[in-house]
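S.K.: Per numbering that gives the first Met the number 0, the sequence shown starts with residue 0, numbered consecutively.
C-beta: ideal position from N, C-alpha, C; glycine also.
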Amino acid sequence: MGEFTEAIKSGDAARVASLLDADPSLLQSSENNITPILFAIYHGKSDIAQLLIDRGGPVSFGEAVALGDSERVKSMLAKDRALLHSRTADGFPAAGLAIFFRHAEIARWLIEEGADVNAAAENAQRVAPLHAAAAVCDQETTRLLLERGANPNARQQMDYTPLHGAASRGDIEIAKLLLAHGAERSAKGSDGMTPSDVARKYGRVEFAEWLDALP
0 MGEFTEAIKS GDAARVASLL DADPSLLQSS ENNITPILFA IYHGKSDIAQ
50 LLIDRGGPVS FGEAVALGDS ERVKSMLAKD RALLHSRTAD GFPAAGLAIF
100 FRHAEIARWL IEEGADVNAA AENAQRVAPL HAAAAVCDQE TTRLLLERGA
150 NPNARQQMDY TPLHGAASRG DIEIAKLLLA HGAERSAKGS DGMTPSDVAR
200 KYGRVEFAEW LDALP
């Protein structure tokens, strides 16, 4: 699958099409549990993902979510409610993917439908929906997740909390939401860094000074 994935990664639509002409079974292939469609999405090649779909590539619920295809998402969920709690083959829950790929309306709809707000990725990243919301600076989804009981101190890779994520972005408003719901401002990652440390690492001095000045 190497040549195929390289063509996808580079956004070479003509090469992708040529390889599929020679071997249509590539649509069914996967590498490290990542399908060609998901691989295209992960690398920001939505046009290639659509090409793969047009060529007959099967679309999972998670892939539909990551693509932001709300019509397909709602249609699939109407037929099978269990999909609400499904994951991609590489371990990511649907709501978290929607948040990460900035499909806020789909994310909020999934949460309203009952998606687990604490469903972390079942892989080394361990990303929970709240981590994703902080990473993309989505205040409204952050608020909704917290109102629905999301753990403000959930730990992802490196034992970072959502507040670490907000710190890396310098997002004071999201930090305020997290702190109001019990986030630990001095939580340390496996590298010993607190949110304030992370803020300084990424040049978010204003954030660090604000956080350090809190009573």
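Report back the beta-carbon spacing between ALA133 and ALA106 to the nearest angstrom; my notes put them in contact at under 8 Å.
M.R.: Counted from its first residue, the sequence shown places residue 133 at position 134. Counted from its first residue, the sequence shown places residue 106 at position 107. The Cβ separation is near 13 Å, so there is no contact.
S.K.: Can you tell me whether GLY56 is buried or exposed, with buried defined as 16 or more other CB within 10 angstroms of its CB?
M.R.: Reading the sequence shown from its first residue, position 57 is the one you call residue 56. GLY56 comes out buried.
S.K.: Pull up the distance between the alpha-carbon of ILE40 and that of ASP211, whole angstroms please.
M.R.: Working through the sequence shown from its first residue, we reach residue 40 at position 41. Working through the sequence shown from its first residue, we reach residue 211 at position 212. For ILE40 and ASP211, the distance between alpha carbons rounds to 38 Å.
S.K.: Between which residues of its own chain and CYS136 is the CB-CB distance below 7 Å, once the five residues before and five after are set aside?
M.R.: Residue numbering aside, residue 136 sits at position 137 when the sequence shown is read from its first letter. Same-chain partners within the cutoff: ARG168, ASP170 and ILE173.
S.K.: Any idea if GLN155 is buried or exposed, counting beta-carbon neighbours within 10 angstroms, 16 or more meaning buried?
M.R.: Translated into the one-based positions of the sequence shown, residue 155 becomes position 156. Buried, by the Cβ-count rule.
S.K.: Under 7 Å between the Cβ atoms of VAL64 and ALA103?
M.R.: Taking the sequence shown and counting its residues from 1, one reaches residue 64 at position 65. Taking the sequence shown and counting its residues from 1, one reaches residue 103 at position 104. Contact: no.
S.K.: For LEU222 and PRO214, what's the separation of their Cα atoms in angstroms?
M.R.: The structure shown does not extend to residue 222, since the chain is modelled only from 0 through 214, so no value can be given for it.
S.K.: According to the Cβ coordinates, are GLY188 and ASP158 closer than 7 Å?
M.R.: Stepping through the sequence shown from its first residue, residue 188 is reached at position 189. Stepping through the sequence shown from its first residue, residue 158 is reached at position 159. Yes. Within cutoff.
S.K.: State the Cα-Cα distance for the pair ASP196 and ALA131, rounded to the nearest angstrom.
M.R.: As a working note, residue 196 is residue 197 in the sequence shown. As a working note, residue 131 is residue 132 in the sequence shown. Near 20 Å, if we compare the C-alpha coordinates of ALA131 and ASP196.
S.K.: From VAL58 to ILE36, what does the alpha carbon distance come to, in whole angstroms?
M.R.: Within the sequence shown, numbered from 1, the residue matching residue 58 stands at position 59. Within the sequence shown, numbered from 1, the residue matching residue 36 stands at position 37. About 8 Å.
S.K.: Measure from the alpha carbon of ASP11 to the alpha carbon of each residue in LEU176, ILE33, LEU51 and GLU30, then state which is nearest.
M.R.: Within the sequence shown, residue 11 is the residue found at index 12, counting from 1. Closest by alpha carbon: LEU51.
S.K.: In whole angstroms, what separates the C-alpha of ILE47 from that of GLU208?
M.R.: Indexing the sequence shown from 1 puts residue 47 at position 48. Indexing the sequence shown from 1 puts residue 208 at position 209. Going by the C-alpha atoms only, they are around 44 Å apart.
S.K.: Rounding to the nearest angstrom, what Cα-Cα distance links LEU25 and GLU139 in this structure?
M.R.: Counted from its first residue, the sequence shown places residue 25 at position 26. Counted from its first residue, the sequence shown places residue 139 at position 140. The alpha-carbon atoms of LEU25 and GLU139 are separated by roughly 39 Å.
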